[in-house]
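Structure record follows, encoded as structure tokens.
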Amino acid sequence: MKILLQSLLLLLSFILVFIWQQSPLANYTIQIIGFLIFIYVVSTFAGTKKIKMIFLGGPLSVFILNTIILLFIFSTGSIASSFFFLLYFVVFALVFVFDPITIAVFCASVIMVFLPDALKDDVTGNFIRLGSLLLVSPIAFLFGREYQKGADSDDHLEKEKVEGYVDEIEDTSKDLLEKETPRSPEEIIELKNIVSDAEKIRDEIS
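No gaps in the numbering here: position 144 of the sequence shown is 141 in our numbering, and each next residue is one more.
Structure representation (structure tokens):
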């Protein structure tokens, strides 16, 4: 489901840019780029911590930045633009936020959007640009897989540490409850609450 949503978000970015370029609004591309940059900057620096996390490292940031780059490329010559190389960086940037498999969706979308222009003028040079993107994609995919494995491994180690702390707290609390040392009702209730909270934490991270 996550991969599907990420793929749809990427496709939406390409579809919106394609429709924009085919409409009379294409004359205002520079203005919309400026507006998107303004929204991105304001949201990241003036928003709450949660909003900053969404814009700086979430799917929404990928959507906005990809849309900005596509509009910028179209406004400077489409596939013949000297800024077409920015899409190579987007391919690698994707793997830090999206599942690496979405690279295939990204590349397919790039080809579909730029193919009409690729068949004009310098056809050979245009196809070299598209082919270069396809050649870079497997490298980005493998890099993304390795990055994802490393992230999953770190998460697993962190989870094991938390579970270890929880077990230690729970065992200590149970030992104190089982000892015959006289305790006030408040202390007993507090220890039972600690055990209960520890069990809840374990259930949440399991």
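Note that the Cβ used here is the ideal one computed from N, Cα and C, for glycine as well.
In this text the structure is predicted, and so the values were computed from the model without any measurement.
Determine the DSSP secondary structure at isoleucine 76, reduced to helix, strand or coil.
Your numbering for residue 76 matches position 79 in the sequence shown. Three-state DSSP puts isoleucine 76 in a helix.
Any idea what DSSP makes of methionine -2, helix, strand or coil?
Working through the sequence shown from its first residue, we reach residue -2 at position 1. Residue state, collapsed to three classes: coil.
Are the beta-carbon atoms of valine 59 and leucine 91 separated by less than 8 angstroms?
On the sequence shown, position 62 is the one that residue 59 refers to. On the sequence shown, position 94 is the one that residue 91 refers to. For valine 59 and leucine 91, yes; Cβs fall inside 8 angstroms.
If you draw a straight line from the C-alpha of aspartate 118 to the C-alpha of valine 14, how long is it?
To locate residue 118, count along the sequence shown from 1; it is residue 121. To locate residue 14, count along the sequence shown from 1; it is residue 17. If I take the Cα positions, the gap works out to 22 angstroms.
Among Leu84, Gln145, Phe35, which residue has its Cα nearest to the Cα of isoleucine 98?
Here residue 98 refers to the residue found at position 101 of the sequence shown. Minimum Cα distance to isoleucine 98 is reached at Gln145.
Between which two residues does the alpha helix (DSSP H) carrying phenylalanine 111 extend?
As a working note, residue 111 is residue 114 in the sequence shown. It spans 99 to 115 - the alpha helix (DSSP H) in which phenylalanine 111 sits, taken as one unbroken run.
Assigned exposure category for threonine 73 - 16 Cβ within 10 Å defines buried
Within the sequence shown, residue 73 is the residue found at index 76, counting from 1. Classification of threonine 73: exposed, given that the 10 Å Cβ count is below 16.
For the ligand NAP, is there a heavy atom less than 7 angstroms away from the beta-carbon of leucine 13?
No copy of the ligand NAP appears in this structure; indeed no ligand is present at all.
Other residues of its chain near alanine 208: CB distance less than 8 angstroms, five sequence neighbours each side excluded:
The structure shown does not extend to residue 208, since the chain is modelled only from -2 to 203, so the question has no answer here.
Can you say whether leucine 139 is buried or exposed, counting buried as having 16 or more other CB atoms within 10 angstroms of its CB?
The residue labelled residue 139 in the question sits at position 142 within the sequence shown. Exposed, because fewer than 16 other Cβ atoms sit within 10 Å of the Cβ of leucine 139.
Hey, would you say isoleucine 100 sits closer than 8 angstroms to serine 134, going by beta carbons?
Within the sequence shown, numbered from 1, the residue matching residue 100 stands at position 103. Within the sequence shown, numbered from 1, the residue matching residue 134 stands at position 137. Their beta carbons are under 8 angstroms apart, which means isoleucine 100 touches serine 134 by this criterion.
Within this structure, are the beta carbons of isoleucine 66 and tyrosine 37 separated by less than 8 angstroms?
Reading the sequence shown from its first residue, position 69 is the one you call residue 66. Reading the sequence shown from its first residue, position 40 is the one you call residue 37. No, they are not a contact pair.
Excluding the 5 residues flanking serine 129 on each side, which residues of the same chain have their C-beta closer than 8 angstroms to its C-beta?
Working through the sequence shown from its first residue, we reach residue 129 at position 132. Closer than 8 angstroms at Cβ, skipping near neighbours: Tyr85.
Glutamine 3: buried (16+ other C-beta within 10 angstroms of its C-beta) or exposed?
By 1-based counting over the sequence shown, the position of residue 3 is 6. Classification for glutamine 3: buried.
Can you check whether the CB of leucine 132 is closer than 8 angstroms to the CB of cysteine 104?
The residue you call residue 104 lines up with position 107 of the sequence shown. The residue you call residue 132 lines up with position 135 of the sequence shown. No, the Cβ-Cβ distance between cysteine 104 and leucine 132 is not below 8 angstroms.
Quick check on leucine 68: buried or exposed, where buried means 16 or more other Cβ atoms within 10 Å of its Cβ?
For the purposes of this step, residue 68 is taken as the residue at position 71 of the sequence shown. Its Cβ being crowded by 16 or more others within 10 Å, leucine 68 is buried.
The alpha helix (DSSP H) that contains alanine 90, what's its start and end?
Stepping through the sequence shown from its first residue, residue 90 is reached at position 93. Here the alpha helix (DSSP H) through alanine 90 covers 83 to 91.
Alpha carbon of glycine 55 to alpha carbon of leucine 5, nearest angstrom
By one-based count along the sequence shown, residue 55 stands at place 58. By one-based count along the sequence shown, residue 5 stands at place 8. Rounded to whole angstroms, glycine 55 to leucine 5 spans 15 angstroms at the Cα level.
Own chain residues within Cβ distance below 6 angstroms of valine 141, not counting five before or after:
For the purposes of this step, residue 141 is taken as residue 144 along the sequence shown, with counting starting at 1. According to the sequence shown, residue 141 is glycine rather than valine. Here the set comprises Val92, Pro97.
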